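Peer 1:
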Amino acid sequence: MDERSSTDQGMRERGSLQHPDTRPEMLEGVSTLVFVHAHPDDEGTATAGSMIRAAREGHRVVVVYCTDGDPGDVPDDLAPGETVVSRRRGEAEASAAITGTARVAWLGYGDSGMTGWAQNDADGVFSRAPLDEAARRLADILDEEDADVVVGYDWHGGYGHPDHVMLHRTTRAATELAHKTPRYLEVTMNRDLMRHLVVLATEMGMTTGMDPSELNPDTAGDDGNPIGTPEAELHWAVDLGDDVTAKREALACHASQSDVRQLLALPAEVFPFVFGTEHYIEPGRPPGMVRGWWLDRV
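The sequence shown runs 1 to 298 under the UniProt record's numbering.
1. Between residue 278 and residue 47, how many whole angstroms is the CB-CB distance? I'm expecting something under 8 Å.
2. Could you say if the stretch 62-79 and the stretch 110-126 meet the contact criterion of at least three C-beta pairs nearer than 8 Å?
3. Find the nearest neighbour of residue 286 within the set 269, 268, 49, 234, judged by alpha-carbon distance.
4. Exposed or buried, residue 72, counting other C-beta atoms within 10 Å across all chains shown (16 or more means buried)?
5. With a Cβ-Cβ cutoff of 8 Å, do residue 275 and residue 45 count as a contact?
6. Quick check on DSSP: helix, strand or coil for residue 78?
7. Would you mind reading off the limits of the alpha helix (DSSP H) that contains residue 44?
8. Would you give the residue range spanned by the alpha helix (DSSP H) that residue 59 belongs to?
9. When the Cα atoms are used, what is the spatial distance from residue 159 to residue 169?
10. So the candidates are 101, 74, 79; which of them puts its Cα closest to the Cα of residue 60?
11. In terms of residue numbering, what span does the beta strand (DSSP E) encompassing residue 32 cover?
12. Buried or exposed: where does residue 258 fall if 16 or more other Cβ atoms within 10 Å of its Cβ makes it buried?
13. Just reading off the beta strand (DSSP E) that residue 278 is part of, what are its end residues?
14. Around the Cβ of residue 265, are there at least 16 other Cβ atoms within 10 angstroms (buried) or fewer (exposed)?
15. What did DSSP end up calling residue 133 once you bin it into helix, strand or coil?
16. Between which residues of its own chain and residue 146 is the CB-CB distance below 7 Å, once the five residues before and five after are set aside?
17. Expressed to the nearest angstrom, what Euclidean distance is found between the alpha-carbon atoms of residue 121 and residue 128?
Here it is as C-alpha coordinates:
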(Lines of atoms letter the chains of each structure in order from A and count residues from 1; the text may use other names and numbers.)
(Lines give C-alpha, C1' and ligand atoms only; values in the text may rest on other atoms or scores of the structure.)
Protein backbone atom coordinates (compact mmCIF):
# COMPACT_ATOMS: atom_id res chain seq x y z
CA MET A 1 0.00 0.00 0.00
CA ASP A 2 1.48 3.34 -1.05
CA GLU A 3 1.38 6.56 0.99
CA ARG A 4 -1.80 7.74 -0.70
CA SER A 5 -3.69 4.54 0.03
CA SER A 6 -2.58 4.22 3.64
CA THR A 7 -3.28 7.87 4.44
CA ASP A 8 -6.71 7.86 2.79
CA GLN A 9 -7.66 4.62 4.55
CA GLY A 10 -6.66 6.00 7.92
CA MET A 11 -8.72 9.13 7.43
CA ARG A 12 -11.74 7.12 6.24
CA GLU A 13 -11.56 5.07 9.42
CA ARG A 14 -11.67 8.29 11.44
CA GLY A 15 -14.55 9.64 9.39
CA SER A 16 -12.73 12.60 7.90
CA LEU A 17 -13.02 11.90 4.19
CA GLN A 18 -16.61 12.76 3.39
CA HIS A 19 -18.31 13.51 0.11
CA PRO A 20 -19.66 17.09 0.24
CA ASP A 21 -23.22 15.86 -0.18
CA THR A 22 -22.93 14.26 3.28
CA ARG A 23 -22.10 17.67 4.76
CA PRO A 24 -25.34 19.63 4.16
CA GLU A 25 -24.22 22.52 6.34
CA MET A 26 -20.99 23.06 4.43
CA LEU A 27 -21.73 25.54 1.69
CA GLU A 28 -24.88 27.32 2.82
CA GLY A 29 -24.18 31.01 2.25
CA VAL A 30 -20.68 32.35 2.74
CA SER A 31 -17.83 29.93 3.44
CA THR A 32 -14.28 30.43 4.66
CA LEU A 33 -11.69 28.84 2.38
CA VAL A 34 -8.09 28.28 3.48
CA PHE A 35 -5.55 27.67 0.71
CA VAL A 36 -2.26 26.26 2.00
CA HIS A 37 0.89 26.84 -0.05
CA ALA A 38 4.52 25.93 0.47
CA HIS A 39 6.18 29.13 -0.79
CA PRO A 40 5.18 32.67 -1.67
CA ASP A 41 4.39 32.51 -5.42
CA ASP A 42 3.02 28.94 -5.44
CA GLU A 43 -0.54 30.24 -5.42
CA GLY A 44 0.17 32.13 -8.64
CA THR A 45 0.49 28.98 -10.71
CA ALA A 46 -1.77 26.68 -8.71
CA THR A 47 -4.92 28.10 -7.11
CA ALA A 48 -5.04 31.84 -7.79
CA GLY A 49 -7.95 31.49 -10.20
CA SER A 50 -10.06 29.61 -7.68
CA MET A 51 -9.17 32.15 -5.01
CA ILE A 52 -10.25 34.99 -7.28
CA ARG A 53 -13.57 33.36 -8.07
CA ALA A 54 -14.31 32.47 -4.45
CA ALA A 55 -13.57 36.00 -3.27
CA ARG A 56 -15.71 37.50 -6.03
CA GLU A 57 -18.61 35.29 -4.94
CA GLY A 58 -18.34 36.68 -1.42
CA HIS A 59 -16.47 33.89 0.35
CA ARG A 60 -13.67 34.63 2.78
CA VAL A 61 -10.35 33.55 1.28
CA VAL A 62 -7.28 32.93 3.43
CA VAL A 63 -3.83 31.88 2.23
CA VAL A 64 -1.27 30.20 4.47
CA TYR A 65 2.38 30.02 3.41
CA CYS A 66 4.40 27.35 5.16
CA THR A 67 7.82 28.87 4.39
CA ASP A 68 9.40 32.28 3.91
CA GLY A 69 11.02 31.61 0.51
CA ASP A 70 14.45 32.68 1.74
CA PRO A 71 16.52 30.58 -0.75
CA GLY A 72 14.83 32.40 -3.63
CA ASP A 73 16.58 34.70 -6.08
CA VAL A 74 18.10 37.84 -4.58
CA PRO A 75 16.65 40.84 -6.45
CA ASP A 76 19.13 43.40 -7.77
CA ASP A 77 16.99 46.24 -6.49
CA LEU A 78 16.77 45.35 -2.79
CA ALA A 79 16.55 48.55 -0.76
CA PRO A 80 18.84 49.13 2.24
CA GLY A 81 17.61 46.90 5.04
CA GLU A 82 15.35 44.92 2.73
CA THR A 83 15.81 41.14 2.61
CA VAL A 84 14.69 38.40 0.26
CA VAL A 85 12.15 37.36 2.89
CA SER A 86 10.70 40.85 3.33
CA ARG A 87 10.51 41.31 -0.45
CA ARG A 88 8.70 38.03 -0.92
CA ARG A 89 6.31 38.80 1.93
CA GLY A 90 5.49 42.07 0.22
CA GLU A 91 4.95 40.26 -3.06
CA ALA A 92 2.59 37.83 -1.31
CA GLU A 93 0.55 40.74 0.06
CA ALA A 94 0.39 42.29 -3.42
CA SER A 95 -0.82 39.01 -4.87
CA ALA A 96 -3.45 38.79 -2.13
CA ALA A 97 -4.79 42.19 -3.11
CA ILE A 98 -5.41 40.89 -6.64
CA THR A 99 -6.92 37.55 -5.62
CA GLY A 100 -9.19 39.16 -3.03
CA THR A 101 -7.56 37.23 -0.21
CA ALA A 102 -8.65 38.56 3.18
CA ARG A 103 -5.76 37.20 5.23
CA VAL A 104 -2.17 36.16 4.55
CA ALA A 105 -0.76 33.88 7.27
CA TRP A 106 2.65 32.28 7.72
CA LEU A 107 3.56 29.05 9.50
CA GLY A 108 7.03 30.41 10.21
CA TYR A 109 9.33 27.77 8.70
CA GLY A 110 12.34 28.13 6.45
CA ASP A 111 12.40 26.99 2.83
CA SER A 112 13.96 23.52 2.47
CA GLY A 113 15.04 23.99 -1.13
CA MET A 114 14.97 21.24 -3.74
CA THR A 115 16.05 17.70 -2.94
CA GLY A 116 19.82 17.57 -2.48
CA TRP A 117 20.30 21.26 -1.73
CA ALA A 118 22.41 22.20 1.27
CA GLN A 119 19.50 23.78 3.13
CA ASN A 120 17.70 20.42 3.27
CA ASP A 121 19.57 19.86 6.53
CA ALA A 122 19.29 23.37 7.93
CA ASP A 123 17.59 24.00 11.25
CA GLY A 124 14.08 25.36 11.04
CA VAL A 125 13.25 24.29 7.49
CA PHE A 126 9.75 23.06 6.86
CA SER A 127 10.55 19.56 5.62
CA ARG A 128 12.38 18.79 8.88
CA ALA A 129 9.71 20.18 11.19
CA PRO A 130 7.99 17.74 13.55
CA LEU A 131 4.70 16.84 11.90
CA ASP A 132 2.67 17.32 15.07
CA GLU A 133 4.13 20.81 15.55
CA ALA A 134 3.49 21.93 11.97
CA ALA A 135 0.00 20.45 11.94
CA ARG A 136 -0.85 22.18 15.22
CA ARG A 137 0.27 25.54 13.86
CA LEU A 138 -1.94 25.11 10.82
CA ALA A 139 -4.85 23.74 12.82
CA ASP A 140 -4.73 26.82 15.04
CA ILE A 141 -5.26 28.97 11.93
CA LEU A 142 -8.09 26.73 10.76
CA ASP A 143 -9.72 27.14 14.17
CA GLU A 144 -9.23 30.91 14.17
CA GLU A 145 -10.95 31.05 10.79
CA ASP A 146 -13.53 28.35 11.52
CA ALA A 147 -12.52 27.02 8.10
CA ASP A 148 -15.17 25.35 5.95
CA VAL A 149 -12.84 24.30 3.12
CA VAL A 150 -9.11 23.59 3.13
CA VAL A 151 -7.04 23.18 -0.03
CA GLY A 152 -3.67 21.45 0.18
CA TYR A 153 -1.45 19.57 -2.28
CA ASP A 154 -1.57 16.06 -3.70
CA TRP A 155 0.41 13.25 -2.09
CA HIS A 156 3.78 14.35 -3.51
CA GLY A 157 3.07 18.02 -3.98
CA GLY A 158 2.86 17.82 -7.74
CA TYR A 159 6.52 17.14 -8.39
CA GLY A 160 8.13 16.01 -5.15
CA HIS A 161 9.62 19.20 -3.69
CA PRO A 162 10.38 18.40 -0.01
CA ASP A 163 8.29 21.33 1.23
CA HIS A 164 5.37 20.34 -1.01
CA VAL A 165 5.42 16.79 0.31
CA MET A 166 5.53 18.08 3.88
CA LEU A 167 2.64 20.42 3.12
CA HIS A 168 0.49 17.48 2.06
CA ARG A 169 1.21 15.63 5.29
CA THR A 170 0.75 18.73 7.42
CA THR A 171 -2.53 19.77 5.85
CA ARG A 172 -4.04 16.30 6.16
CA ALA A 173 -3.02 16.13 9.81
CA ALA A 174 -4.26 19.65 10.55
CA THR A 175 -7.76 18.85 9.30
CA GLU A 176 -7.82 16.08 11.91
CA LEU A 177 -6.80 18.46 14.69
CA ALA A 178 -9.15 21.31 13.79
CA HIS A 179 -12.23 21.68 15.98
CA LYS A 180 -14.42 21.45 12.86
CA THR A 181 -13.58 18.96 10.14
CA PRO A 182 -13.43 21.00 6.91
CA ARG A 183 -14.10 19.87 3.39
CA TYR A 184 -10.68 18.96 2.00
CA LEU A 185 -9.30 19.21 -1.55
CA GLU A 186 -5.86 18.86 -3.09
CA VAL A 187 -4.65 20.95 -5.99
CA THR A 188 -2.61 19.03 -8.54
CA MET A 189 -1.54 19.04 -12.19
CA ASN A 190 -3.30 17.08 -14.92
CA ARG A 191 -0.57 14.81 -16.27
CA ASP A 192 -2.54 13.91 -19.40
CA LEU A 193 -3.17 17.56 -20.22
CA MET A 194 0.51 18.32 -19.71
CA ARG A 195 1.43 15.68 -22.30
CA HIS A 196 -1.02 17.25 -24.74
CA LEU A 197 0.37 20.73 -24.16
CA VAL A 198 3.92 19.52 -24.79
CA VAL A 199 2.83 18.08 -28.14
CA LEU A 200 1.12 21.35 -29.09
CA ALA A 201 4.11 23.42 -28.01
CA THR A 202 6.42 21.23 -30.07
CA GLU A 203 4.19 21.54 -33.14
CA MET A 204 4.19 25.33 -32.71
CA GLY A 205 7.98 25.40 -32.55
CA MET A 206 8.00 26.67 -28.98
CA THR A 207 10.31 23.95 -27.65
CA THR A 208 13.26 24.57 -29.96
CA GLY A 209 16.50 24.34 -28.03
CA MET A 210 14.83 22.84 -24.96
CA ASP A 211 15.58 19.48 -23.40
CA PRO A 212 12.49 17.34 -24.16
CA SER A 213 12.93 15.40 -20.92
CA GLU A 214 12.38 18.60 -18.94
CA LEU A 215 8.96 19.03 -20.55
CA ASN A 216 7.79 15.43 -20.27
CA PRO A 217 5.54 14.98 -17.20
CA ASP A 218 6.37 11.27 -17.17
CA THR A 219 9.99 12.14 -16.45
CA ALA A 220 10.86 11.74 -12.78
CA GLY A 221 10.16 14.80 -10.65
CA ASP A 222 12.13 15.90 -7.62
CA ASP A 223 11.14 12.75 -5.73
CA GLY A 224 11.57 10.32 -8.62
CA ASN A 225 7.84 10.08 -9.40
CA PRO A 226 6.07 11.35 -12.53
CA ILE A 227 4.77 14.90 -12.30
CA GLY A 228 1.14 15.58 -11.47
CA THR A 229 -1.80 13.18 -11.43
CA PRO A 230 -3.46 11.12 -14.19
CA GLU A 231 -6.76 12.62 -15.31
CA ALA A 232 -8.57 9.44 -14.28
CA GLU A 233 -7.73 10.22 -10.65
CA LEU A 234 -8.94 13.83 -10.73
CA HIS A 235 -12.29 15.07 -9.44
CA TRP A 236 -12.53 18.73 -10.47
CA ALA A 237 -11.40 20.77 -13.46
CA VAL A 238 -12.09 24.45 -12.82
CA ASP A 239 -12.01 26.45 -16.05
CA LEU A 240 -11.03 30.00 -15.15
CA GLY A 241 -12.39 31.87 -18.15
CA ASP A 242 -11.57 35.57 -17.92
CA ASP A 243 -10.15 35.09 -14.40
CA VAL A 244 -6.97 33.75 -15.97
CA THR A 245 -5.99 37.36 -16.68
CA ALA A 246 -6.11 38.26 -12.99
CA LYS A 247 -4.31 35.00 -12.20
CA ARG A 248 -1.43 36.13 -14.40
CA GLU A 249 -1.44 39.50 -12.62
CA ALA A 250 -1.22 37.72 -9.26
CA LEU A 251 1.70 35.65 -10.53
CA ALA A 252 3.41 38.80 -11.79
CA CYS A 253 3.50 40.13 -8.22
CA HIS A 254 6.24 37.56 -7.58
CA ALA A 255 8.46 38.74 -10.43
CA SER A 256 11.56 38.93 -8.20
CA GLN A 257 11.93 35.20 -8.91
CA SER A 258 13.50 34.04 -12.17
CA ASP A 259 11.23 31.01 -12.56
CA VAL A 260 8.20 33.29 -12.34
CA ARG A 261 9.68 35.62 -14.95
CA GLN A 262 10.10 32.65 -17.28
CA LEU A 263 6.41 31.83 -16.95
CA LEU A 264 5.43 35.44 -17.49
CA ALA A 265 7.43 35.35 -20.73
CA LEU A 266 4.87 32.96 -22.22
CA PRO A 267 2.92 34.71 -24.99
CA ALA A 268 -0.32 36.20 -23.70
CA GLU A 269 -2.34 33.93 -25.96
CA VAL A 270 -0.52 30.82 -24.67
CA PHE A 271 -0.77 31.50 -20.92
CA PRO A 272 -4.48 30.50 -20.71
CA PHE A 273 -3.75 27.13 -22.32
CA VAL A 274 -1.19 26.35 -19.63
CA PHE A 275 -2.77 27.96 -16.57
CA GLY A 276 -6.42 28.47 -17.50
CA THR A 277 -7.72 25.34 -15.77
CA GLU A 278 -7.06 24.33 -12.17
CA HIS A 279 -7.33 20.66 -11.25
CA TYR A 280 -8.25 19.18 -7.89
CA ILE A 281 -8.52 15.86 -6.12
CA GLU A 282 -11.23 15.50 -3.48
CA PRO A 283 -10.46 12.41 -1.38
CA GLY A 284 -13.55 10.33 -0.71
CA ARG A 285 -15.47 11.63 -3.71
CA PRO A 286 -16.66 9.06 -6.28
CA PRO A 287 -14.39 8.67 -9.33
CA GLY A 288 -14.76 10.92 -12.33
CA MET A 289 -13.56 14.39 -13.23
CA VAL A 290 -16.24 17.08 -13.21
CA ARG A 291 -15.72 20.22 -15.25
CA GLY A 292 -17.20 22.75 -12.90
CA TRP A 293 -16.77 24.81 -9.77
CA TRP A 294 -16.33 22.82 -6.60
CA LEU A 295 -18.28 25.35 -4.55
CA ASP A 296 -21.35 24.62 -6.65
CA ARG A 297 -23.41 21.59 -5.75
CA VAL A 298 -23.00 18.84 -8.33
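Note that the Cβ used here is the ideal one computed from N, Cα and C, for glycine as well.
Quantities reported herein were computed from a predicted structural model and do not represent experimental measurements.
Peer 2: With the given structure in hand:
1. 6 Å
2. Verdict: yes, contact present.
3. 234
4. Counting Cβ neighbours within 10 Å, residue 72 comes out buried, since at least 16 surround it.
5. yes
6. coil
7. Looking at the DSSP string, the run of the alpha helix (DSSP H) that includes residue 44 is 42-46.
8. From DSSP, residue 59 is part of no alpha helix (DSSP H); its letter is neither H nor E.
9. 15 Å
10. 101
11. 32-37
12. Only exposed fits residue 258, as fewer than 16 other CB atoms lie within 10 angstroms of its CB.
13. 277-281 is the extent of the beta strand (DSSP E) around residue 278.
14. exposed
15. helix
16. Here the set comprises 32, 180.
17. If you draw a straight line from the Cα of residue 121 to the Cα of residue 128, it is about 8 Å long.
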